[in-house]
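Quick note: the sequence shown uses this note's numbering, first residue 334, plus one each step.
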Amino acid sequence: PAWVRHMENWLPRATSVVRYEVLKDKGYDVVERVLRDLGIANVDPAVLDKAVERSSFENTRAIESKFGRPDTAAFVDDFKFTRKGATGDWRNVFDAEDVHYARSQTEHLGLGELWTGQTDAVIPAASGQRKH
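And the structure:
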């Protein structure tokens, strides 16, 4: 599947991985940690607050609605990159067979736990690197 090939392409070289569920739940802490990983420390908390606010799903959706997508030809007319902004929506779409298939296709990447429904499942970064 395309998503698995996408993950196989970059995940082995990733030094830091952030799951959307964690970012959505703990945005400030995650952004602060990523900046620290990049060697950027002592960022003004007000600046971090503003960055998290401006990057929220609601603001991202508003920007997409106002300005559209950069390459509209690559998508069907009603496609929204921002979709629902919900976490765990796969549970509403995947049946048991789909979950089994997804897990079987992603276990070799260490991603099998993603399909358990645990919101704290970790995506492994390259060995010895930080995971979020």
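Even glycine gets a Cβ: it sits at the ideal position worked out from N, Cα and C.
All values derive from a computational prediction rather than experimental measurement.
Classify residue i as buried or exposed, calling it buried when 16 or more other Cβ atoms lie within 10 Å of its own Cβ.
i: S460; result: Interpretation of S460 is limited by its pLDDT of 47, a score under 50 that renders its predicted location unreliable; no figure is taken from the coordinates.
i: T348; result: exposed
i: V426; result: exposed
i: N342; result: exposed
i: T449; result: exposed
i: A395; result: exposed
i: A429; result: exposed
i: A379; result: exposed
i: A435; result: buried
With distances taken Cα to Cα, identify the nearest neighbour of residue i among the options.
i: E386; options: Y353, R352, D431 and K357; result: K357
i: G421; options: E354, R366 and W343; result: E354
i: V350; options: V380, Y361 and D370; result: D370
i: G360; options: D382, A435 and W423; result: D382
Under the assumption that residue i contacts residue j (Cβ atoms under 8 Å), give the Cβ distance between them as a whole number of angstroms.
i: F400; j: G418; result: Not quite, the Cβ-Cβ distance comes to about 18 Å (not below 8 Å), so this is no contact.
Give me, in chain order, the residues of the same chain whose beta-carbon lies closer than 7 Å to that of residue i; leave out the 5 immediate sequence neighbours on both sides.
i: V432; result: W448
i: V364; result: L381, A384 and V385
i: G445; result: R436 and T439
For residue i, which residues of its own chain have a beta-carbon under 6 Å away from its beta-carbon, when the five flanking residues on both sides are left out?
i: Q462; result: Unreliable positioning characterises Q462 in this predicted model, as indicated by a pLDDT of 46, which lies under 50. A coordinate reading is not provided.
Excluding five sequence neighbours on each side, which residues of the same chain lie with their C-beta closer than 8 Å to the C-beta of residue i?
i: S296; result: For the chain, the structure presents residues 334 to 465; residue 296 sits outside this window and is missing.
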